[in-house]
Amino acid sequence: MELNDERNLRFKALAYDFMNAPNLSALFNAAVTHLDSLNEFKIITVAKDLDRNIDPNNINTAINKHSRYIVPYFPSSKLYFFSENIVTSMLNGGDVPIAIDYTVMFDSNFTTYVHKFINNIPLVGVSNDFYVLIDEILKKQWNFDYSFYLLENYKTLIGDKNIKESKQYSAILANVKSLELFKNVDSNYYKKTGKIKFLISNEIAERSATEHCESYYFSEEIKIILNQYYITKQFILLTLIAIVRIKFEDNRSADNKMISYFDFVSEHVGLNLERETLLAYEYFKNSSNLYILRRISRKTKKEEIFEILDNISWDFMIPRVMESNMSYMGEGDFLIPYFLSFDDGLIKLLKMLEPKGVVIDTKEMHATPTIK
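Heads up: the sequence shown begins at 0 in numbering that gives the first Met the number 0, then just goes up one per residue.
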């Protein structure tokens, strides 16, 4: 047996045992059983019988208050963490300090709101909830992550031969500059006065935005990652097209439609996307189960369907970007990602995709969800 095959088997066994552990005791038994594998893998998993909550920077309070707009990657804050060091320390009866970082990602719409807010541009049609949320963010100084915003806007740059001279790239730069200023609002001054004062100059914000965008869109290493993301996004798009076509082609039961779905995936996609497969079944049972596709009906024109699905396929990338970020950890031993959006359909979608846990491959630097 080749080394990669043996490693893959160990990964599958580890993921299976953790995914099917019904309680904390079973989770710990799984950790001990797979201790030798934990030098290559880390685990974050929901443990509902845990008597504590993971709450970095008291963000759970904000999530409960603004649950319409913020969704965590995990369905519960009762999380347990496993690594070789953690399990070994527990077996030896020692204390196990764990450094947990967090980050909040967001979409283009929220970025546009922030850009207008920072530059005193009127926000037409924006609810008061936005200002309440902004107030919370500025007072608590949340950690922000631009990665999904930059990825989502990668689509506007594809095929452009002179990206740096394009209007799309200029718009991205302007938004990232505003995000840099927003990230550097003087929180103490804001708490005292309710007024905005920046800790950095416009010039520094602009320079930082340029560095962010150039490192993201033009470095050879990131180009490889962007290409991989784009290929995955295209697989998702093809899968969504199949889901919608099968949904409206006849009145068969959801179970029978799944047969057509698997046939299509086998013949035309060649890759079964587990999350999208679970959502397909829910959608086949009732189209209202997948709110993000609410604009599509039998009467919708094909060109419009394609445009809707192409945009939505980027939304399906969000949990995958979160998983990628978790594999790189950030400033702690583990990273907990959250997503912020004012798009109801997107928030409802992410809540449907919540996993039981995630297995982080520390050598290959990627994370695999264990789906409920």
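Beta carbons are placed, not taken as given, at the ideal position from N, Cα and C, and that holds for glycine.
So, at 6 Å on beta carbons, what are the nonlocal neighbours of residue i in its own chain, with the 5 sequence-adjacent residues on each side left out?
i: Asp185; result: Lys196, Leu198
i: Ile85; result: Val95
i: Ser165; result: Asp159
i: Glu135; result: Ala61
i: Ser207; result: Glu179
i: Arg9; result: Ser36
i: Met0; result: Unreliable positioning characterises Met0 in this predicted model, as indicated by a pLDDT of 42, which lies under 50. A coordinate reading is not provided.
Tell me the DSSP secondary structure of residue i in three-state form.
i: Ile157; result: coil
i: Met325; result: helix
i: His365; result: strand
i: Pro121; result: coil
i: Pro55; result: helix
i: Lys47; result: coil
i: Tyr145; result: coil
i: Leu348; result: helix
i: Leu270; result: coil
i: Asp360; result: strand
i: Pro318; result: helix
i: Phe333; result: strand
i: Phe17; result: helix
i: Glu5; result: helix
i: Phe341; result: coil
i: Met0; result: Since pLDDT at Met0 reaches only 42, below the 50 mark, its modelled position is unreliable, and no value is offered.
Excluding the 5 residues preceding and the 5 following residue i in the sequence, name in chain order all residues of the same chain whose CB lies nearer than 7 Å to its CB.
i: Arg294; result: Ile307
i: Pro74; result: Val45, Glu353
i: Gly356; result: Phe17, Met18, Ile42, Ile43, Thr44, Val45, Thr369
i: Leu278; result: Leu289, Met351
i: His65; result: Leu132
i: Lys47; result: Ser75, Lys77
i: Thr155; result: Gln167
Should residue i be listed as close to the ligand SAH, given that the test is whether its C-beta is under 6 Å from any heavy atom?
i: Asp360; result: This structure simply doesn't include the ligand SAH, nor any ligand for that matter.
Quick test of your reading: residue i and residue j, contact by CB under 8 Å. State the CB separation rounded to the nearest angstrom.
i: Ile235; j: Glu273; result: 12 Å between Cβ atoms; not a contact.
i: Phe143; j: Lys182; result: 6 Å
i: Ile317; j: Phe341; result: Actually they are not in contact, since the Cβ atoms of Ile317 and Phe341 sit about 14 Å apart, beyond 8 Å.
i: Asp314; j: Ile346; result: Not a contact, Cβ separation roughly 10 Å.
i: Phe373; j: Thr299; result: Because the chain here runs from 0 to 371, residue 373 falls outside it and cannot be looked at.
i: Leu253; j: Lys284; result: It is worth fixing the name first, because residue 253 is Ala in this sequence and not Leu. About 4 Å; that satisfies the 8 Å criterion.
i: Ser146; j: Val268; result: 26 Å between Cβ atoms; not a contact.
i: Lys256; j: Ile240; result: Not a contact, Cβ separation roughly 14 Å.
i: Glu151; j: Ser107; result: 6 Å
i: Ser214; j: Ile221; result: 7 Å
i: Ser200; j: Asn118; result: The Cβ separation is near 15 Å, so there is no contact.
i: Leu49; j: Leu90; result: Going by Cβ atoms, the distance from Leu49 to Leu90 rounds to 19 Å, so no, they are not a contact pair.
i: Val243; j: Ile304; result: 6 Å
i: Lys232; j: Ser296; result: Going by Cβ atoms, the distance from Lys232 to Ser296 rounds to 24 Å, so no, they are not a contact pair.
i: Asn52; j: Ser76; result: 4 Å
i: Ile162; j: Tyr216; result: 7 Å
For residue i, which residues of its own chain have a beta-carbon under 8 Å away from its beta-carbon, when the five flanking residues on both sides are left out?
i: Cys212; result: Leu149, Tyr168, Ile171, Leu172, Val175
i: Asp343; result: Arg67, Tyr290
i: Ile157; result: Tyr229
i: Tyr282; result: Ile242, Lys246, Asn288, Leu289, Leu292
Original post:
What residue ranges within the stretch 161–198 form continuous alpha helix (DSSP H) runs of no fewer than 4 residues, ordered along the chain?
Top reply: Runs of the alpha helix (DSSP H) lying entirely within the stretch 161–198 and spanning at least 4 residues, in chain order: 166–182, 186–192.
**OP:** Determine, using beta-carbon pairs with one atom in the stretch 255–272 and one in the stretch 210–229, whether at least three such pairs fall under 8 Å.
**Re:** Taking 8 Å as the limit for Cβ pairs, the verdict is that the stretch 210–229 does not touch the stretch 255–272.
Original post:
Unbroken alpha helix (DSSP H) runs of length 4 or more, entirely within the stretch 272–311: which are they?
Top reply: With a minimum length of 4 residues, the unbroken runs of alpha helix (DSSP H) contained wholly in the stretch 272–311 fall at 273–284.
Original post:
Counting Cβ pairs, one atom from each stretch, are 3 or more of them under 8 Å apart for the stretch 73–80 and the stretch 122–138?
Top reply: Touching, no, given that fewer than three Cβ pairs across the two stretches are closer than 8 Å.
Subject >> In chain order, each alpha helix (DSSP H) run of at least 4 residues that lies wholly inside the stretch 60–116 >> reply: If we require 4 residues or more, the alpha helix (DSSP H) runs fully inside the stretch 60–116 come out as 83–90.
Subject >> Three-pair Cβ contact test at 8 Å for the stretch 11–29 versus the stretch 310–327 >> reply: The answer is no - the stretch 310–327 does not touch the stretch 11–29, with fewer than three Cβ pairs under 8 Å.
Original post:
Three or more C-beta pairs closer than 8 Å, one from the stretch 31–47 and one from the stretch 55–63: is that the case here?
Top reply: Output reads no: the stretch 55–63 does not touch the stretch 31–47.
Original post:
Do the stretch 113–120 and the stretch 62–76 make contact, defined as three or more Cβ pairs closer than 8 Å?
Top reply: The stretch 113–120 and the stretch 62–76 do not touch, with fewer than 3 CB-CB distances between them shorter than 8 Å.
Original post:
Per the contact definition of three or more C-beta pairs closer than 8 Å, is the stretch 87–103 in contact with the stretch 330–346?
Top reply: Output reads yes: the stretch 87–103 touches the stretch 330–346.
Original post:
In chain order, which continuous runs of the alpha helix (DSSP H) of length 4 or greater are located wholly inside the stretch 200–237?
Top reply: Counting only runs of 4 or more, we get 201–217.
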